[in-house]
Amino acid sequence: NAGVTQTPKFQVLKTGQSMTLQCAQDMNHNSMYWYRQDPGMGLRLIYYSASEGTTDKGEVPNGYNVSRLNKREFSLRLESAAPSQTSVYFCASSAGESGETQYFGPGTRLLVL
Amino acid sequence: EDQVTQSPEALRLQEGESSSLNCSYTVSGLRGLFWYRQDPGKGPEFLFTLYSAGEEKEKERLKATLTKKESFLHITAPKPEDSATYLCAVLLSVAAGNKLTFGGGTRVLVKP
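For the protein sequence lines, the chains are A and B, in the order given.
So for the first sequence, the numbering used here puts the first residue at 1; every next one is plus one.
So for the second sequence, the numbering used here puts the first residue at 1001; every next one is plus one.
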C-alpha cells in the first residue's frame, strides 16, 4: 500500500496563476483533509471531506476550493495564487467514524512569487 | 477558544539524556489526543493515540501519558535518530466534526 500520495512534490507559481494539488489514498478511508503548514503556525486545516460527496471548510479556507472526486481522491485548487499561499500543503485521510487517526502524505511545497 | 500549546519549542539533548515534551490543551469535549513525529521535508508520522486521563502508551524509547489538562511525551535514553519535530493534536467533540487541532510542535535534536 502506498498510503497517501500527493502530486506535485514542489511547484513554483507566479501571483495570479492557478493550480490544483492532487491527493489520493489507497486505504479505503472515508475522510480526507487538506492542511497547510507554515513556520510558527503549525498545521492548519483548510478543507475536509467527511465522506464521499461532502466537503466542509476548515480554519483557513479563503482562496481555496476542493473537490472530492471519488472515495480515493481529494484535490485542492488555488484559483488565483497569492504570495500568502506560499506554504507546505499536506493531505491526510482517516477511516472516519470507525477510526479517527489521520495518516498524512509527503506534502507539496508551493512557492508563489 | 480551543488551544493546544507545546513546550518547549526546541530541545537539544545529548545521546542518552532522557527528557519530556509537554502538550497542554484547553478544549471542550476532548475525544482523543494524538502524537506525531515529523522529519524534515516529510509528512507527520502517527505515533500514539490517548483517549482518557491516566492512559499510557509506549513505543521503543517513547512513552506518552495523558492527564485531564496535558500530555507528556517522554523520550528515554534518546538516540540521534530520535531527532525530529514532535507534534501533538487534539480531537474535539463530535459536534466539532472529526477534526484535529495541532500544537506548534517541539523540535528535538539529539547529539551523539
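Yeah, the Cβ is synthetic: ideal placement off N, Cα and C, and Gly gets one too.
Simplified DSSP state of residue 1082 of chain B, which is helix, strand or coil:
Translated into the one-based positions of the second sequence, residue 1082 of chain B becomes position 82. Correct three-state label for residue 1082 of chain B: helix.
Going by the C-beta, is residue 1031 of chain B closer than 7 Å to any heavy atom of the ligand NAP?
No copy of the ligand NAP appears in this structure; indeed no ligand is present at all.
Taking the alpha carbon of residue 2 of chain A as the reference point, which residue from A/106, A/44, A/101 has its own alpha carbon closest?
By 1-based counting over the first sequence, the position of residue 2 of chain A is 2. With distances taken between Cα atoms, residue 2 of chain A lies closest to A/106.
Taking a contact to mean a Cβ-Cβ separation below 8 Å, would you say residue 110 of chain A touches residue 22 of chain A in this structure?
The residue you call residue 110 of chain A lines up with position 110 of the first sequence. The residue you call residue 22 of chain A lines up with position 22 of the first sequence. No, Cβ-Cβ distance for residue 110 of chain A and residue 22 of chain A is not below 8 Å.
Taking DSSP as the reference, what is the three-state secondary structure of residue 31 of chain A?
Residue numbering aside, residue 31 of chain A sits at position 31 when the first sequence is read from its first letter. In the structure shown, residue 31 of chain A falls within a strand segment according to DSSP collapsed to helix, strand and coil.
Residue 1022 of chain B: first and last residue of the uninterrupted beta strand (DSSP E) it sits in:
Indexing the second sequence from 1 puts residue 1022 of chain B at position 22. Annotation for residue 1022 of chain B: the continuous beta strand (DSSP E) segment containing it runs 1019-1026.
Segment limits, beta strand (DSSP E) that includes residue 1063 of chain B:
The residue given as residue 1063 of chain B occupies position 63 in the second sequence. Counting along the chain, the unbroken beta strand (DSSP E) around residue 1063 of chain B starts and ends at 1062-1066.
Residues near residue 1080 of chain B in its chain [Cβ-Cβ closer than 8 Å; skip 5 each side]:
Here residue 1080 of chain B refers to the residue found at position 80 of the second sequence. Same-chain partners within the cutoff: 1015, 1110, 1111, 1112.
Using the Cα positions of residue 61 of chain A and residue 1017 of chain B, report the straight-line distance between them to the nearest angstrom.
Taking the first residue of the first sequence as 1, we reach residue 61 of chain A at position 61. Taking the first residue of the second sequence as 1, we reach residue 1017 of chain B at position 17. Residue 61 of chain A and residue 1017 of chain B: Cα-Cα distance of roughly 42 Å.
Quick check on the DSSP output: the beta strand (DSSP E) that includes residue 42 of chain A runs from which residue to which?
Against the first sequence, residue 42 of chain A aligns to sequence position 42. Here the beta strand (DSSP E) through residue 42 of chain A covers 42-49.
Determine, using beta-carbon pairs with one atom in the segment 6-20 of chain A and one in the segment 75-95 of chain A, whether at least three such pairs fall under 8 Å.
Contact between the segment 6-20 of chain A and the segment 75-95 of chain A is present, because at least three Cβ pairs lie under 8 Å.
Counting only beta-carbon separations shorter than 8 Å, does residue 53 of chain A have a partner in chain B?
Mapped onto the first sequence, residue 53 of chain A falls at position 53. Taking 8 Å as the CB threshold, residue 53 of chain A stays off the interface with chain B.
Listed from N- to C-terminal order along the chain, which residues in the segment 1034-1048 of chain B have their beta-carbon within a distance smaller than 9 Å of any beta-carbon of chain A?
Going along the segment 1034-1048 of chain B in chain order, one finds 1034, 1036, 1038, 1041, 1042, 1043, 1044, 1045, 1046 with a Cβ nearer than 9 Å to chain A.
Assuming residue 1013 of chain B and residue 1108 of chain B make a contact with CB atoms under 8 Å, what is their CB distance in whole Å?
Start at 1 with the first residue of the second sequence, and residue 1013 of chain B comes out as number 13. Start at 1 with the first residue of the second sequence, and residue 1108 of chain B comes out as number 108. Contact holds; Cβ gap of about 7 Å.
Any idea which residues DSSP pairs residue 65 of chain A with across the strands?
Along the first sequence, read from residue 1 onward, the residue named residue 65 of chain A stands at position 65. DSSP output for residue 65 of chain A lists A/77 as bridge partner(s).
Over the uninterrupted beta strand (DSSP E) stretch that includes residue 1032 of chain B, give me the two end residues.
Locating residue 1032 of chain B in the second sequence gives position 32, where the first residue counts as 1. Residue 1032 of chain B -> beta strand (DSSP E) spans 1032-1038.
What residues from the segment 1061-1072 of chain B come within 9 Å of chain A, judged by C-beta to C-beta, listed N to C?
Near chain A, meaning a CB-to-CB distance below 9 Å, no residue of the segment 1061-1072 of chain B qualifies.
Would you say residue 102 of chain A faces chain B, with C-beta separation under 8 Å as the test?
For the purposes of this step, residue 102 of chain A is identified with residue 102 of the first sequence, where counting begins at 1. The beta-carbon of residue 102 of chain A is placed less than 8 Å from the nearest beta-carbon of chain B.
Let me check understanding here. Comparing Cα to Cα, which of B/1041, B/1068, B/1050, B/1048 lies closest to residue 1026 of chain B?
In the second sequence, residue 1026 of chain B corresponds to position 26, counting from 1. Nearest of B/1041, B/1068, B/1050, B/1048 to residue 1026 of chain B, Cα basis: B/1068.
Across which residues does DSSP place residue 89 of chain A in a beta bridge pair?
Counted from its first residue, the first sequence places residue 89 of chain A at position 89. In the DSSP output, where bridge partners are listed per residue, residue 89 of chain A has A/36, A/108.
Less than 8 Å between the CB atoms is what I'm expecting for residue 77 of chain A and residue 64 of chain A, so what's the real figure, rounded?
For the purposes of this step, residue 77 of chain A is taken as the residue at position 77 of the first sequence. For the purposes of this step, residue 64 of chain A is taken as the residue at position 64 of the first sequence. Indeed they touch by this definition, with Cβ atoms about 7 Å apart.
With C-beta atoms as the reference, is residue 27 of chain A less than 8 Å away from residue 48 of chain A?
Against the first sequence, residue 27 of chain A aligns to sequence position 27. Against the first sequence, residue 48 of chain A aligns to sequence position 48. Cβ distance not < 8 Å, so residue 27 of chain A and residue 48 of chain A don't count as in contact.
Just the Cα atoms here: how many angstroms apart are residue 1039 of chain B and residue 1010 of chain B?
Position 39 of the second sequence holds residue 1039 of chain B. Position 10 of the second sequence holds residue 1010 of chain B. C-alpha separation (whole angstroms): 14 Å.
Interface residues of chain B around residue 90 of chain A at Cβ under 9 Å?
Numbered from 1 along the first sequence, position 90 holds the residue referred to as residue 90 of chain A. Result: 1043, 1044.
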